[in-house]
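Participant: One structure, as structure tokens, below. Some questions next.
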Amino acid sequence: MTNIQLPDRNHNDTYPESSHEPMSSVVTHDNLPSIMPGQVWRARWDDVLTLVFVDTVLCEFAHRVRVAPVTMGDEDADDSALVLPADANNLGTPLSIWPELVADISEIVLERWIAVVSDFSSISALEEAAAAGTVMRGLPILNDASPRWEERRFLELAMEALASAVDIAGGDGDLPAMLDGITSSQLASKLEVSLSLARNIKRARALVGFAQAEKLAELVGVPVQRVLSANPKPPAQLVALAARLDRGPAVRALARTKQEPESDAFRDLVQGAWGLAARGDKLDAEDWAGRLDTYIRVALDNR
Numbered sequence: 006m007t008n009i010q011l012p013d014r015n016h017n018d019t020y021p022e023s024s025h026e027p028m029s030s031v032v033t034h035d036n037l038p039s040i041m042p043g044q045v046w047r048a049r050w051d052d053v054l055t056l057v058f059v060d061t062v063l064c065e066f067a068h069r070v071r072v073a074p075v076t077m078g079d080e081d082a083d084d085s086a087l088v089l090p091a092d093a094n095n096l097g098t099p100l101s102i103w104p105e106l107v108a109d110i111s112e113i114v115l116e117r118w119i120a121v122v123s124d125f126s127s128i129s130a131l132e133e134a135a136a137a138g139t140v141m142r143g144l145p146i147l148n149d150a151s152p153r154w155e156e157r158r159f160l161e162l163a164m165e166a167l168a169s170a171v172d173i174a175g176g177d178g179d180l181p182a183m184l185d186g187i188t189s190s191q192l193a194s195k196l197e198v199s200l201s202l203a204r205n206i207k208r209a210r211a212l213v214g215f216a217q218a219e220k221l222a223e224l225v226g227v228p229v230q231r232v233l234s235a236n237p238k239p240p241a242q243l244v245a246l247a248a249r250l251d252r253g254p255a256v257r258a259l260a261r262t263k264q265e266p267e268s269d270a271f272r273d274l275v276q277g278a279w280g281l282a283a284r285g286d287k288l289d290a291e292d293w294a295g296r297l298d299t300y301i302r303v304a305l306d307n308r
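With the numbering used here applied, the sequence shown closes on residue 308, and no number is skipped along the way.
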């Protein structure tokens, strides 16, 4: 995930728990409703917490959705935001939707279903209603001291962070060649990691972080950035499967257990499943899913 510094903000009164059961038209699985256009969800990842309006479910296999940020009330809405009256959603309070800040995000950052917007299931429908005068806009930003400017800036940073939430840095995959001549035991000792992880690093089935790259740079005599750029890229299909909506509760549980950000727990999940899959005979989509489930089950059982 991109390292983005968000301003301090008190969310206590801004991001509610949904007091409503999912709509009967929404199919549920594992206590999570299916994602549908027109819904409002609470998105949470690392230090980011905001509400989002679902515009489009982009692709069933990529597990990504197009969303716009939402704020409760209309006090801080600028003139790009579309303000829905209280009777247009089942929270019973005005909602401001910011269509200019739309972003494509992974399902896994959607933590909780909050509400549904009546009559409007897309941003284009909201824009048409605004053009017809049936949906109002917020007020202009007069200067950079305006609360509306601060609100917009916060949402811009939040959406940028959510869009990059499951990005895992990779490089050209030259790490095995760089480590040629170094045994797995030597590597495990130098990095202070398990022998199995050292083997996966040598097989280009695991990534090294900055602290490990510093040790490797000293060992092989190259700059730290060269080591990092030699990292392999995790398979896109594995990352997409790991970022499914129903993986979110497990990733958050792992993050709480290790007292680390969700992005670190997600990286550990992908890396752990990747290493498991390296020992298997199959590397197809079904095997990735099964290895993810195995890693999660073992990791949670060992808490």
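Beta carbons are placed, not taken as given, at the ideal position from N, Cα and C, and that holds for glycine.
Among Trp46, Arg296 and Ser127, which one has its Cα closest to the Cα of aspartate 116?
Facilitator: Against the sequence shown, residue 116 aligns to sequence position 111. The displayed chain sequence assigns glutamate, not aspartate, to residue 116. With distances taken between Cα atoms, glutamate 116 lies closest to Trp46.
Participant: Taking all protein chains shown into account, decide if proline 239 is buried (16 or more other Cβ within 10 angstroms of its Cβ) or exposed.
Facilitator: Mapped onto the sequence shown, residue 239 falls at position 234. Per the 10 Å Cβ criterion, buried.
Participant: Using a Cβ-Cβ cutoff of less than 7 Å, which residues in the same chain neighbour isoleucine 9 once the five nearest sequence positions on both sides are dropped?
Facilitator: As a position in the sequence shown, residue 9 is number 4, starting the count at 1. For isoleucine 9, the predicted model reports a pLDDT of 49, less than 50, meaning its position is unreliable; a value from the coordinates is still stated below. For isoleucine 9, where only same-chain residues beyond five positions count, the Cβ hits under 7 Å are Leu162, Glu165 and Ala166.
Participant: Determine, using beta carbons only, whether proline 99 and aspartate 79 come nearer to each other than 7 Å.
Facilitator: Position 94 of the sequence shown, counted from the first residue, corresponds to residue 99. Position 74 of the sequence shown, counted from the first residue, corresponds to residue 79. In contact: proline 99 and aspartate 79 (Cβ atoms closer than 7 Å).
Participant: Measuring CB to CB, does valine 75 end up less than 7 Å from isoleucine 102?
Facilitator: Translated into positions along the sequence shown, residue 75 becomes position 70. Translated into positions along the sequence shown, residue 102 becomes position 97. Contact flag set, yes.
Participant: Whole angstroms are fine: how far does the CA of proline 237 sit from the CA of glycine 186?
Facilitator: Counting from 1 along the sequence shown, the entry for residue 186 is found at position 181. Counting from 1 along the sequence shown, the entry for residue 237 is found at position 232. Using only the alpha carbons, I get a separation of about 19 Å.
Participant: If you reduce the DSSP assignment to three classes, tell me which class methionine 183 lands in.
Facilitator: In the sequence shown, counting from the first residue as 1, residue 183 sits at position 178. Looking at methionine 183 - three-state DSSP - the assignment turns out to be helix.
Participant: Are there 16 or more other CB atoms within 10 angstroms of the CB of proline 370, so buried, or fewer, so exposed?
Facilitator: Any question about residue 370 goes unanswered here, given that the chain covers just 6 to 308.
Participant: Taking the runs of the alpha helix (DSSP H) that are 4 residues or longer, which of them lie wholly in the region 82-164?
Facilitator: 128-137, all fully within the region 82-164.
Participant: Helix, strand or coil for alanine 73? Go by DSSP, reduced to three states.
Facilitator: Here residue 73 refers to the residue found at position 68 when the sequence shown is read from its first residue. Strand.
Participant: Examine the Cβ distances between the region 84-91 and the region 132-148 and report whether three or more of them are shorter than 8 Å.
Facilitator: Enough Cβ pairs lie closer than 8 Å, so yes.
Participant: Under a three-way DSSP split, which group does aspartate 177 fall into?
Facilitator: Here residue 177 refers to the residue found at position 172 of the sequence shown. It is coil, neither helix nor strand.
Participant: Which one of Ala278, Asn95, Asp83 and Phe159 has the shortest CA to CA distance from alanine 245?
Facilitator: Reading the sequence shown from its first residue, position 240 is the one you call residue 245. Nearest option by C-alpha distance: Ala278.
Participant: Take aspartate 179 and list the residues in its own chain whose beta-carbon comes closer than 7 Å to its own, dropping the five residues that flank it on each side.
Facilitator: Sequence index remark: in the sequence shown, residue 179 carries index 174 (1-based). The residues are Ala235.
Participant: Would you list the one or two residues that DSSP bridges to glutamine 230?
Facilitator: On the sequence shown, residue 230 is found 225 positions in, with the first residue counted as 1. Paired residue(s): none; glutamine 230 is not in a bridge.
Participant: Indicate whether leucine 221 and valine 232 have their beta-carbon atoms separated by less than 7 Å.
Facilitator: Translated into positions along the sequence shown, residue 221 becomes position 216. Translated into positions along the sequence shown, residue 232 becomes position 227. In contact: leucine 221 and valine 232 (Cβ atoms closer than 7 Å).
Participant: According to DSSP, is glutamine 264 part of a helix, a strand, or is it coil?
Facilitator: Start at 1 with the first residue of the sequence shown, and residue 264 comes out as number 259. In the structure shown, glutamine 264 sits in coil (DSSP, three-state: anything other than H, G, I, E or B).
Participant: If you drop the 5 nearest sequence neighbours on each side, which residues of the same chain put their C-beta closer than 6 Å to that of threonine 55?
Facilitator: Counting from one through the sequence shown, the residue named residue 55 turns up at place 50. Here the set comprises Ala48, Pro74 and Ala163.
Participant: Skipping 5 residues on each side, what residues in its chain have a beta carbon closer than 6 Å to that of glycine 97?
Facilitator: Along the sequence shown, one-based indexing puts residue 97 at 92. The residues are Ala91.
Participant: Ends of the beta strand (DSSP E) at leucine 56?
Facilitator: By 1-based counting over the sequence shown, the position of residue 56 is 51. 53-64 is the span of the beta strand (DSSP E), which, as asked, contains leucine 56.
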